[in-house]
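Start counting the sequence shown at 1; every next residue gets the next number (the UniProt record's numbering). Ideal placement from N, C-alpha and C gives every residue a C-beta, glycine not left out. Predicted, not measured: the structure shown is a model, and the values here were computed from it.
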Amino acid sequence: FSHMIIEKLMAVDGDSRDWDGRWNHVKKFLERPGPFTHPDFEPSIESLGFLLETCKILVIGAGGLGCELLQNLALSGFRHIHVVDMDTIDISNLNRQFLFRFGLPFSPLLLCPLIFYFMMDSNLKFHIIVCGLDSIIARRWMNGMLISLLSYEDGVLDPSSIIPLIDGGTEGFKGNARVILPDMTACIDCTLELYPPQIHFPMCTIASMPRLPEHCVEYVRMLQWPKDEPFGDGFGLDGDNPEHIQWVFQRAQVRAADYSITGVTYRLTQGEENHTNPKVKCNVFHILCCFVAACSTEVFKMASSTYIPLNNYLVFNIVDGLYTYTFEAERKENCSACSQVPQDLQFPPSAKLQEVLEYLTENASLQMKSPAITATLEGKNKTLYLQTIASIEERTRPNLCKTLKELVLSDGQELAVADVTTPQTVLFKLKLTF
Ligand SMILES: [Zn+2]
Numbered sequence: 001f002s003h004m005i006i007e008k009l010m011a012v013d014g015d016s017r018d019w020d021g022r023w024n025h026v027k028k029f030l031e032r033p034g035p036f037t038h039p040d041f042e043p044s045i046e047s048l049g050f051l052l053e054t055c056k057i058l059v060i061g062a063g064g065l066g067c068e069l070l071q072n073l074a075l076s077g078f079r080h081i082h083v084v085d086m087d088t089i090d091i092s093n094l095n096r097q098f099l100f101r102f103g104l105p106f107s108p109l110l111l112c113p114l115i116f117y118f119m120m121d122s123n124l125k126f127h128i129i130v131c132g133l134d135s136i137i138a139r140r141w142m143n144g145m146l147i148s149l150l151s152y153e154d155g156v157l158d159p160s161s162i163i164p165l166i167d168g169g170t171e172g173f174k175g176n177a178r179v180i181l182p183d184m185t186a187c188i189d190c191t192l193e194l195y196p197p198q199i200h201f202p203m204c205t206i207a208s209m210p211r212l213p214e215h216c217v218e219y220v221r222m223l224q225w226p227k228d229e230p231f232g233d234g235f236g237l238d239g240d241n242p243e244h245i246q247w248v249f250q251r252a253q254v255r256a257a258d259y260s261i262t263g264v265t266y267r268l269t270q271g272e273e274n275h276t277n278p279k280v281k282c283n284v285f286h287i288l289c290c291f292v293a294a295c296s297t298e299v300f301k302m303a304s305s306t307y308i309p310l311n312n313y314l315v316f317n318i319v320d321g322l323y324t325y326t327f328e329a330e331r332k333e334n335c336s337a338c339s340q341v342p343q344d345l346q347f348p349p350s351a352k353l354q355e356v357l358e359y360l361t362e363n364a365s366l367q368m369k370s371p372a373i374t375a376t377l378e379g380k381n382k383t384l385y386l387q388t389i390a391s392i393e394e395r396t397r398p399n400l401c402k403t404l405k406e407l408v409l410s411d412g413q414e415l416a417v418a419d420v421t422t423p424q425t426v427l428f429k430l431k432l433t434f
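This is how it looks when you write it as C-alpha cells:
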C-alpha cells in the first residue's frame with residue numbers, strides 16, 4: 001500500500017513518465033496464463049497498450065468511493081478516465097478524498113445533461129462505467145441510460161452496444177459491488193426491492209393540511225424551494241450544504257408556527273442520511289477501500305478479459321465480525337427498466353390520482369421520486385400532474401384529489417410517467433378494476 005502511495009505522489013509531482021518497469025505489476029497479469037485465467041484468455045504483450053491508450057472509463061461520483069477508485073484505476077494502467085460528480089466539496093471529506101487537496105477545478109455540475117452529452121458524442125464512447133455513488137436515483141438513471149443505448153438487429157442484441165456497469169456502494173458497515181451487463185444480467189431496477197423504501201407524504205397533506213413537523217420540512221423542500229429559488233436560478237437543494245439546510249430549517253419553523261406544530265429541529269431538517277460523525281466515517285473508510293479494490297479489479301478483468309468477471313453481486317458486511325458472500329442476482333421478468341414488458345397499473349375508477357402517485361413512489365419495485373404523469377386524451381397530451389415545476393404543480397395539484405373516473409381515464413388508457421430515476425419515459429397501462 002505504501003508503494004502505491006509513493007507511486008501516486010510521484011505521478012502527482014509531474015513525473016508521470018513510463019519509467020522502466022513501471023507497468024511490470026500489470027504485465028504479470030496480461031502476458032502470462034495462470035490456473036484462474038479466463039478460458040478464452042490469450043496472453044499478449046499488446047493488451048497493455050489497450051489499457052494505456054484506448055480504454056475509456058467513466059467514473060461517476062468523486063466522493064469517498066470515487067476518489068479511491070480513481071487512484072486504483074490510474075495505478076492499474078488506465079489513462080482515459082473521465083470523472084463526473086454532481087456535488088460540491090464537503091470540507092469534512094477532505095481528509096480522505098485526496099483529489100480535492102490538489103485544488104482541481106470541481107464545480108457543481110448537473111449529472112444528467114453532462115452524461116447525456118458524453119454518451120451522444122461518439123468520440124467519447126466509454127468502454128466501462130464505474131459508479132461510486134451514494135445516490136440510488138443517479139444509479140438508476142445511469143442504468144436506464146445504458147439500457148437505452150443497446151441496439152438490436154432483428155431482435156438480436158448487438159454485443160458491441162453493451163457497456164458494462166460496475167457499481168459499488170457502501171452504507172455504514174455494509175457494502176456491495178456488482179457487475180451489470182445491460183440486457184444480460186440483473187440491472188439496478190431488477191433488484192430495487194433490496195434498497196430501503198423512502199418515506200413519502202401525500203402532497204395534499206404537505207400543501208394544505210400539515211400535521212407533523214416532517215410535513216412542514218417537506219413543504220419547504222418540495223414547494224417553497226423551487227418557487228423561491230433562494231440560491232439562484234435552477235440551484236437545487238443540496239442536503240450536504242449547511243446554508244441550504246439552514247434556509248429550509250428557518251422556513252419550516254415559520255410554517256410549523258402557522259399551524260401550531262412543534263418539533264421542527266435542525267436535525268430533522270437535515271434528514272436521516274446526513275448525521276454521520278467523523279469517527280464512524282474513519283471506520284467506514286476501511287470498508288470503502290475493500291469495495292474500491294473489488295470494483296477496480298472488476299474493471300481490470302473486464303477491460304483485459306484476463307479473468308471471469310464477478311457473477312454478479314458481492315456483499316460485504318463488517319457490522320458484526322466479517323461476512324462476505326457472492327451470488328447471482330436474477331433478472332426480474334417485468335423489470336420496469338430492462339424487461340420491455342408493459343407495466344400495468346390496477347386501480348378502481350373511484351381511486352384518486354393521489355393514490356396512483358403514491359403507488360409509483362412507494363411501490364418497492366418502482367420507488368419513483370417525483371413522477372410526472374401525462375395521458376393522451378382525445379388526441380391531446382394532457383399533463384395530469386407534474387411536481388418539479390412550481391407553476392405547473394400548482395395548476396395540476398387539484399387533479400390529485402380527483403378520481404380516475406372524474407379525470408376521464410378509461411380502462412386500457414396509457415399513462416406516460418417521467419421521473420428523475422429514469423432517462424426514458426415509462427409507459428403504464430391503466431387496468432380498471434371493478
Ligand atoms: Zn432490470
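Inset, instruction - Tell me whether the beta-carbon of tyrosine 307 lies closer than 9 Å to the beta-carbon of valine 315. - result: Locating residue 307 in the sequence shown gives position 307, where the first residue counts as 1. Locating residue 315 in the sequence shown gives position 315, where the first residue counts as 1. Not a contact, by the Cβ cut-off of 9 Å.
Legend entry - Contact test: serine 339 Cβ vs ligand 1 heavy atom, cutoff 8 Å: Counted from its first residue, the sequence shown places residue 339 at position 339. It does: the Cβ of serine 339 is within 8 Å (strictly closer) of some heavy atom of ligand 1.
Inset, instruction - Return yes when the Cβ of proline 349 is within less than 9 Å of the Cβ of serine 432, no when it is not. - result: Numbered from its first residue, the sequence shown carries residue 432 at position 432. Numbered from its first residue, the sequence shown carries residue 349 at position 349. With the sequence shown as reference, residue 432 is identified as leucine, and serine is not the correct amino acid for it. Cβ atoms of leucine 432 and proline 349: closer than 9 Å.
Legend entry - Check: isoleucine 188 C-beta below 8 Å from any heavy atom of ligand 1: The residue you call residue 188 lines up with position 188 of the sequence shown. Correct: isoleucine 188 has its Cβ closer than 8 Å to ligand 1.
Inset, instruction - Helix, strand or coil for tyrosine 385, going by three-state DSSP, please let me know. - result: Here residue 385 is taken as the residue at index 385 of the sequence shown, counted from 1. Reduced to three states, the DSSP call for tyrosine 385 is strand.
Inset, instruction - Tell whether a beta-carbon distance below 9 Å holds between leucine 223 and isoleucine 206. - result: The residue labelled residue 223 in the question sits at position 223 within the sequence shown. The residue labelled residue 206 in the question sits at position 206 within the sequence shown. Yes.
Inset, instruction - State the DSSP-derived secondary structure class of aspartate 189, mapped to helix, strand or coil. - result: For the purposes of this step, residue 189 is taken as the residue at position 189 of the sequence shown. Helix, per DSSP.
Legend entry - N-terminal and C-terminal residue of the beta strand (DSSP E) that proline 226 is part of: Translated into the one-based positions of the sequence shown, residue 226 becomes position 226. Run containing proline 226: none in the beta strand (DSSP E); it sits in the alpha helix (DSSP H), 225-228.
Legend entry - Through-space distance from arginine 395 to threonine 376, alpha-carbon basis: Within the sequence shown, the letter at position 376 stands for residue 376. Within the sequence shown, the letter at position 395 stands for residue 395. Between threonine 376 and arginine 395, the C-alpha separation is close to 18 Å.
Legend entry - Three-state secondary structure (DSSP) of phenylalanine 300: Translated into the one-based positions of the sequence shown, residue 300 becomes position 300. Of the three classes helix, strand and coil, the one that applies to phenylalanine 300 here is helix, per DSSP.
Inset, instruction - Please find out if some non-hydrogen atom of ligand 1 comes closer than 8 Å to the beta-carbon of cysteine 335. - result: Mapped onto the sequence shown, residue 335 falls at position 335. The answer is yes for cysteine 335.
Inset, instruction - Round the Cβ separation of leucine 415 and leucine 430 to the nearest angstrom and send it over; I've been treating them as touching at under 8 Å. - result: The residue you call residue 415 lines up with position 415 of the sequence shown. The residue you call residue 430 lines up with position 430 of the sequence shown. So it is a contact: roughly 6 Å between Cβ atoms.
Inset, instruction - Name the residue from Tyr195, Glu68, Leu322 and Ser76 whose alpha carbon lies nearest to the alpha carbon of histidine 25. - result: Looking up residue 25 in the sequence shown gives position 25. Nearest option by C-alpha distance: Ser76.
Inset, instruction - With distances taken Cα to Cα, identify the nearest neighbour of tyrosine 219 among Phe50, Ile392 and Ala252. - result: In the sequence shown, counting from the first residue as 1, residue 219 sits at position 219. When only C-alpha atoms are compared, the closest one is Ala252.
Inset, instruction - Consider the C-beta atom of arginine 178 and the heavy atoms of ligand 1; say whether any pair is separated by less than 8 Å. - result: Taking the first residue of the sequence shown as 1, we reach residue 178 at position 178. No; taking the cut-off as 8 Å, the Cβ of arginine 178 has no heavy atom of ligand 1 nearer than that.
Legend entry - Three-state secondary structure assigned by DSSP to arginine 178: Within the sequence shown, the letter at position 178 stands for residue 178. Correct three-state label for arginine 178: strand.
Inset, instruction - Please indicate yes or no: does the CB of arginine 139 lie closer than 8 Å to some heavy atom of ligand 1? - result: The sequence position of residue 139 within the sequence shown is 139, counting from 1. No, ligand 1 has no heavy atom inside 8 Å of this Cβ.
Inset, instruction - Give me whichever residues DSSP pairs with histidine 82 in a beta bridge. - result: Numbered from 1 along the sequence shown, position 82 holds the residue referred to as residue 82. Paired residues: Leu58.
Legend entry - CB contact flag (threonine 422, alanine 329, <9 Å): The count along the sequence shown starts at 1 and reaches residue 422 at position 422. The count along the sequence shown starts at 1 and reaches residue 329 at position 329. No. Outside cutoff.
Inset, instruction - Could you tell me if the beta carbon of arginine 331 falls within a distance shorter than 8 Å of some heavy atom in ligand 1? - result: The residue labelled residue 331 in the question sits at position 331 within the sequence shown. Checking the Cβ of arginine 331 against ligand 1 gives yes.
Legend entry - Ranges of the beta strand (DSSP E) found wholly within the stretch 117-162, counting only runs of at least 3: 128-132
Inset, instruction - Name the residue from Leu48, Ala390 and Gly21 whose alpha carbon lies nearest to the alpha carbon of phenylalanine 29. - result: By one-based count along the sequence shown, residue 29 stands at place 29. The option with the nearest alpha carbon to phenylalanine 29 is Leu48.
Legend entry - Same chain, Cβ closer than 6 Å to valine 426, neighbours up to 5 away in sequence not counted: If you number the sequence shown from 1, residue 426 lands on position 426. The residues are Ser336 and Val417.
Legend entry - Exposure of serine 296, with buried meaning 16 or more beta-carbon neighbours within 10 Å: Position 296 of the sequence shown holds residue 296. Answer is buried; the Cβ neighbour count reaches 16.
Inset, instruction - Please look up how many angstroms separate the CB atoms of methionine 145 and isoleucine 60, rounded, as I've assumed it's under 8 Å. - result: On the sequence shown, position 145 is the one that residue 145 refers to. On the sequence shown, position 60 is the one that residue 60 refers to. Not really, about 11 Å apart at Cβ, beyond 8 Å.
Legend entry - Beta-bridge partners of valine 315, as assigned by DSSP: Numbered from its first residue, the sequence shown carries residue 315 at position 315. BP columns for valine 315 point to Asn176 and Tyr325.
Inset, instruction - Within the same chain, show all residues whose beta-carbon is closer than 7 Å to that of glutamine 413, passing over the 5 residues directly before and after it, in chain order. - result: Translated into the one-based positions of the sequence shown, residue 413 becomes position 413. Cβ neighbours of glutamine 413 beyond the five flanking positions: Ala375 and Leu430.
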